[in-house]
Amino acid sequence: MILLVPENRVCTGKTTRYPITNYNPVLWIKTENTEYTVISVDGFIVNGNNKVNGIFKKFEFIEDHPNEPITREDVENVISNSEIQLITQLAEVLQCRFYTFIWPKDYPIGFSKTDLLIHSFTFHVVDGEMQINTHRRVNINDLEQGIGTLRGFSFRFVKNLNSASSNVECHLANNTTNPWPGDIDSLIFNNRTQQYEAIIEFKTHNIDSPIQNERIGKYGQEDWRRFNVLFDLIDNFHTKLNYKPKLFFIVWGTNETSENHTNLKIDLIERNRVVVSGLFPRPPYNAFSPDLFNYLIQMANETTVR
């Protein structure tokens, strides 16, 4: 059994204006500094009462033989025990469930949508070690209905996706009224203070135009609405833990030879307001940048938000 992190792809029947990039901006801040842990969440659901009601991770699998079981050790090959524990603890604090979904590579394309091919796991921590708590097998219709139940409503209109990080997300957005929930690119957790210092949201900039001209609201109020669930998440932190992580919006360019993409545009934002904005030299792609990481931590600690 091999577990994989799903890769970005063009959705079936769709086209993209620019090629899908192989660069991953999260790697710039994926530190090995023992004082911090950086985690990513593949989906989090906010219900009609603006409460976080579910946290998701997703993986794909390739079987060595049919109906091969998925073990805890298989899961730990793609996500560390410490990250699983942190997300589990985050879900407990926010009083919601943490689900890990694992489906066949490229599912549901080429598979029956009624077969129970999605593995749904929950975990708990026993003596500092991650253990499987529950395991169910569901199909994509069950997954869609479950997302709708956690959200408490279905959308009347769903914006179609041209690309996504899995075919499941493509299918749910383009064929149902219960799309996969938005993700959190990164959360930076301070192991010493036991607090999340920052939430990072990256935006890919493919056009060969100056990064410094990018801003939230450039394409209308919809730009701000995309952050509402993240602001709701921060409000949940404040309600449950009495502190607010800082939210950074980082625009990065994919063209390493373009002068327009030599910097990152970094905004520290709160609901409907940019608190601080600036440029930072773009680090080499797909590698940790201590300078960028330290810059974000410094800005998070020195800037006051409402």
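Convert by adding 2 to the 1-based position in the sequence shown; the result is the number in the working numbering. All residues carry an ideal CB built from backbone N, CA and C; glycine is no exception.
Give the single residue among the options whose Cα lies nearest to the Cα of residue i.
i, options, result
"W105", "T90, L6, I268 and S291", "L6"
"T264", "D187, F103, R273 and L281", "L281"
"I47", "Y38, F113, E131 and G148", "G148"
"Y2", "E9, V80 and L92", "Residue numbering for the chain in the displayed model covers 3 to 308; residue 2 lies beyond these limits and cannot be assessed."
"I202", "D187, T102 and I271", "D187"
"S156", "P183, T136, H240 and N164", "P183"
"E283", "I271, E261 and E272", "Residue identity check: residue 283 is Pro in the sequence provided, not Glu. Ranking I271, E261 and E272 by Cα distance to P283 puts E261 first."
"D210", "K32, T33 and T256", "T256"
"L163", "C13, M3 and I4", "C13"
"T33", "R217, I299 and K59", "I299"
"K59", "I22, R99 and D66", "R99"
"P212", "P247, K267 and F250", "K267"
"I134", "R74, F63 and G154", "R74"
"S42", "S84, S291 and M3", "S84"
"D108", "I271, F251, Q196 and E62", "E62"
"L249", "N274, L92, E70 and T259", "N274"
"F229", "I252, N169, P110 and D129", "I252"
"Q87", "M301, M3, E258 and Q196", "Q196"
"N1", "V127, K161, V128 and D117", "The question about residue 1 has no answer, for the chain in this structure spans 3 to 308."
"E258", "S168, Y287 and D234", "Y287"
"F290", "I31, I4, T17 and M3", "I31"
"S122", "D129, N169, H137 and E131", "H137"
"E94", "V278, P292 and I57", "I57"
Per DSSP, what kind of secondary structure is residue i in: helix, strand or coil?
i, result
"T297", "Inspection of the sequence shows that residue 297 is occupied by Tyr rather than by Thr. Y297 falls in the helix class under three-state DSSP."
"W105", "strand"
"L281", "strand"
"N303", "helix"
"V170", "helix"
"I218", "coil"
"P286", "coil"
"N180", "coil"
"P212", "coil"
Taking all protein chains shown into account, do 16 or more other C-beta atoms lie within 10 angstroms of the C-beta of residue i, making it buried, or fewer, making it exposed?
i, result
"A175", "buried"
"Y20", "exposed"
"F125", "buried"
"D44", "buried"
"G15", "exposed"
"T39", "buried"
"F159", "exposed"
"R194", "exposed"
"K220", "exposed"
"D269", "buried"
"N180", "buried"
"H173", "buried"
"E171", "buried"
"N303", "exposed"
"N238", "buried"
"E146", "buried"
"Y198", "buried"
"V54", "buried"
"Y101", "buried"
"P110", "buried"
"K246", "buried"
"L152", "buried"
"I271", "buried"
"S114", "exposed"
"N169", "buried"
Have a look at the DSSP bridge pairing and note the partners of residue i.
i, result
"Q197", "N192"
"H207", "G255"
"L5", "F63"
"F100", "I57"
"I202", "S188 and F250"
"S165", "V12"
**Study point:** Inside the segment 221-278 only - beta strand (DSSP E) runs reaching at least 3 residues
**Key:** 248-255 and 265-272
Practice item. Could you tell me which uninterrupted alpha helix (DSSP H) segments, each at least 4 residues in length, are contained entirely in the segment 10-96, listed from first to last along the chain? Key: 74-78 and 83-95
Check your understanding: Can you give, in chain order, each stretch of the alpha helix (DSSP H) that sits fully within the segment 103-157 and has at least 4 residues?
Key -> 142-153
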